[in-house]
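Just so you know, the protein sequences line up as chains A and B, in that order. The first sequence begins at 1 in full-length UniProt numbering and counts up by one. The second sequence begins at 1 in full-length UniProt numbering and counts up by one. Note that the Cβ used here is the ideal one computed from N, Cα and C, for glycine as well. In what follows, a structure is listed as structure tokens, so that the remarks can point back to it.
2 protein chains.
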Amino acid sequence: MPKLNEHYQDLKESYLFSEIAHRVSAYSEAHPDANIIRLGIGDVTLPLGSLAIGGLHEGVNAMASAETFKGYGPEQGYEFLRKAISEYYARNGAEVEPADIFISDGAKSDTGNISELFSNDNVILIPDPVYPVYVDSNLMGGKHVTYISGNAENDFLPMPDPSVHADIIYLCSPNNPTGAVYNKAQLKEWVDYALANDAVILFDSAYEAFVSDPELPRSIYTIEGAKKCAIEFCSLSKTAGFTGTRCGYTVVPRELVFTASNGKEMSLHAMWNRRQCTKFNGTSYIIQKGASAVFSEEGMKQCQENIHYYQENARIIAETLKKKNIRFFGGVHSPYIWFECPDGMESWEFFDYLLNNAQVVGTPGAGFGENGKNYFRLTSFNNHENTIEAMKRFEKLF
Amino acid sequence: MPKLNEHYQDLKESYLFSEIAHRVSAYSEAHPDANIIRLGIGDVTLPLGSLAIGGLHEGVNAMASAETFKGYGPEQGYEFLRKAISEYYARNGAEVEPADIFISDGAKSDTGNISELFSNDNVILIPDPVYPVYVDSNLMGGKHVTYISGNAENDFLPMPDPSVHADIIYLCSPNNPTGAVYNKAQLKEWVDYALANDAVILFDSAYEAFVSDPELPRSIYTIEGAKKCAIEFCSLSKTAGFTGTRCGYTVVPRELVFTASNGKEMSLHAMWNRRQCTKFNGTSYIIQKGASAVFSEEGMKQCQENIHYYQENARIIAETLKKKNIRFFGGVHSPYIWFECPDGMESWEFFDYLLNNAQVVGTPGAGFGENGKNYFRLTSFNNHENTIEAMKRFEKLF
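In structure tokens form, the structure reads like this:
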């Protein structure tokens, strides 16, 4: 009989969004006339820009004739896209060579798969609250996780504790779910800590395109020394509305070389390359054509128009919370607004309260970890009209 | 310092196709006027059918307006595609429910990732010669592999040895690289062996669309009992020319339930679902639209036209080998022709001989395992004209 990977028994049931859907549909059935407004899920709603659409059609057309047909592409991604992303990095103040960039079908795949490169005897720091993929992908492999606390005292931006040693550190900024953003000095402190500990930072910058203050880092590679200690994951999901189109990229600098127990040097870049060449066959040529259109200056302008639309929604939500003196995090350089549930409510309790009394759906913080259990996340991924209406109801309620 | 996954040191350098490219380019530089014909790589060359192209454009168009825009889709794939594949299975004589089908970006990802579901103390049988992904993905995870010998005596179709126990068995039919195909009686023997041993068969049917004899099984689920012991991987790469477009699917029957060491029952279907939901965000909606067009009856007719074209090339190669009394495998229900190198040559030696004397490029069998070291693979993925010319040169040579 096959012996199964029993570490899967260590996973908590992932019921967050199915439980939300279940409660919303029960309410909806009981109140068929209710106008429910959904500010819960972190998924974009605006269509792709015309340049991305043009690039995608071009990709499809190439598949229609023998002269331009594309079979297997390079597992690492096409040079035209790696180059376009490298140039995008340069415009944002980071020097990243095309050869260090791996194109994939999304940051979820890469942040999930990266743990394969590490053995099971590492000290792995993961913030709480957090995007659940970091935790679950490690637990699945039999790895042990040490949580670092994000909380109101540290503005949900946990900082390194020099007295504690770590080998691997997950950071996400702008953060999902809290919307908090590390500034350069804070990120520098993490990079210095990683260098001092010979540790690797796994940096998720999926929401970087929402950063509107040029002083805030959109890439960890804007910090000196980061190439010696950091892998960065990014994605077109939130940058360009590619959640259903699927394209991401991961930077693994060739500087990341460590010594194995037998004294041999092992390169994380070479390992990730081998991993991708063995278990991945490259991202669709069609999608890469669409992605490369996104990274042109004009394509990125179109993306920024959509992002401004979401940012305006975030501003509307933030204004309401300010007016009501509810302290919140995020909402400026992020599509997410994170706040403590009023009156000491737990997050699921507040979820029901908001649904029943304002017909507004959000996401209970408990879904993101222990530290989220009294917090709530609203997202800016709806239209202005609904966002304004939801906030009117919210105002009336408190 | 991070402790790396040192099992990566157990991998052999994967230099097969880069070494081929290197030798071809060296020859080409030395002989700039040589007309080199490539029958080496297993990659399609004909453009996609008009229905697939139409489906892909439709998918892109949906992304262009808010009413039809698609964000995150189900990680398991859209119901419309799972249903279309289920109906395709039915037309090929296998009953597979949509709920057991997981859509992915390709069979390489799934055959590579599946080993995560198993612990490291299993007896894992893998044929030699073989598609290298099965071996490498297991070695990467620290798993041990037991080879079963494919050779001329068993027509490169190794059969179970009832005296040896196994927990996990990899099979690929029609086979890459040998082109050999199990018949129903042989596959039944494997299914019966798996059931008797409580083992799981990981069945790769990526080349099923090349089977033209209705008596030969195109799916393991045409064999009684297979749902209790087999996972099947398939792909649109060879069926529909999607090597650069990227779409595959894997069937994990809900019947596959095994008991863990603590007595709890664990379902491979539930585990794979959890794996995909954690480390994968679904295949692009655009690509799934193209794929569903492929699985319509008309779409599949267009695919079959391309496959017939390749089959005709295979026939041309096979005829030449027959004429020259060289025993070969495959070439009928497969795009691959596999034969022993003449005059006792080793496969790299024969590679050079063929390149130097006939300007024809093939693939040395050594790249697929120990048992391939005196064998050679030719593929039918070129045009008729080149294939005919290559075979003329081949005939002259022997």
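- At a cut-off of 8 Å between beta carbons, S284 (chain A) contacts chain B.
- Using a CB distance cut-off of 8 Å, M1 (chain B) counts as an interface residue toward chain A.
- The beta-carbon of Q76 (chain A) is placed no less than 8 Å from the nearest beta-carbon of chain B.
- Cα atoms of D43 (chain B) and F376 (chain A): separation of roughly 50 Å, rounded to the nearest angstrom.
- Interface with chain B (8 Å Cβ-Cβ cutoff): Y131 (chain A) is excluded.
- Taking all protein chains shown into account, K396 (chain B) has fewer than 16 neighbouring C-beta atoms within 10 Å of its C-beta and is therefore exposed.
- Between F203 (chain B) and A230 (chain B), the C-beta gap is smaller than 8 Å, which places the two residues in contact.
- A291 (chain B) counts as buried, since no fewer than 16 other beta carbons sit within 10 angstroms of its beta carbon.
- For G112 (chain A), the secondary structure class from DSSP, reduced to helix, strand or coil, is helix.
- In the three-state DSSP reduction, T222 (chain B) falls in the helix class (H, G or I).
- F351 (chain B): not part of any beta strand (DSSP E); member of the alpha helix (DSSP H) spanning 347-358, first to last residue.
- Taking 8 Å as the cut-off between beta carbons, the residues of the stretch 263-279 of chain A near chain B are K264, M266, L268, M271, R274, R275, C277, T278, K279, in sequence order.
- Counting C-beta pairs with one atom in each stretch, the stretch 99-116 of chain A and the stretch 63-82 of chain A have three or more that are closer than 8 Å, which means they touch.
- Under the three-pair Cβ rule at 8 Å, the stretch 32-52 of chain A counts as touching the stretch 49-68 of chain B.
- With respect to the 8 Å criterion, S237 (chain A) and N313 (chain A) are not classified as neighbours on the basis of their beta carbons.
- Put simply, of B:V360, B:I114, B:G372, B:P129 the residue whose alpha carbon is nearest the alpha carbon of S173 (chain B) is B:P129.
- Residues of the stretch 248-262 of chain B with a C-beta atom less than 7 Å from some C-beta of chain A are F258, A260, S261, listed in chain order.
- Of the candidates B:Y134, B:P160, B:G365, B:G365 places its Cα closest to the Cα of M345 (chain B).
- Annotated as distal: E208 (chain B) and M159 (chain B), with beta-carbon spacing of 8 Å or more.
- The C-beta of K70 (chain A) comes closer than 8 Å to at least one C-beta of chain B.
- For A30 (chain A), there are no neighbours in chain B by C-beta distance under 9 Å, as the nearest C-beta there is about 26 Å away.
- A straight line joining the alpha-carbon of K3 (chain A) with that of K264 (chain B) spans about 12 Å.
- Taking C-alpha positions only, G248 (chain B) is separated from I326 (chain A) by approximately 48 Å.
- Between N5 (chain B) and F17 (chain A), the gap from beta carbon to beta carbon reaches 8 Å or more.
- Counting only the Cα atoms, M140 (chain B) lies some 25 Å from T259 (chain B).
- Across the structure, E19 (chain A) and K228 (chain B) are spaced so that their CA atoms are roughly 31 Å apart.
- Under the three-state reduction of DSSP, S65 (chain A) is assigned to coil, being neither helix nor strand.
- Taking the beta carbon of G369 (chain A) as reference, no residue of chain B falls within 9 Å; the closest one sits roughly 16 Å away.
- Of the residues assessed, K12 (chain A) falls on the exposed side of the cut-off, its CB having fewer than 16 other CB atoms within 10 angstroms.
- DSSP, reduced to helix, strand and coil, places C341 (chain A) outside both helices and strands of the structure shown, so it counts as coil.
- Using a CB distance below 9 Å, the part of the stretch 364-391 of chain A facing chain B consists of F381, N383, ordered along the chain.
- The C-beta of N113 (chain A) comes closer than 8 Å to at least one C-beta of chain B.
- If you check each beta-carbon in the stretch 96-127 of chain B against every beta-carbon of chain A, the ones closer than 7 Å belong to D105, G106, K108, S109, G112, N113, E116, L117, F118, S119, D121, N122.
- Out of A:S284, A:Y27, A:P253, the CA that lies nearest to the CA of H269 (chain A) is found in A:P253.
- When C-beta atoms of the stretch 164-184 of chain B are compared with those of the stretch 327-341 of chain B, three or more pairs fall below 8 Å, so the two segments count as touching.
- At least one beta carbon of chain B lies nearer than 8 Å to the beta carbon of V60 (chain A).
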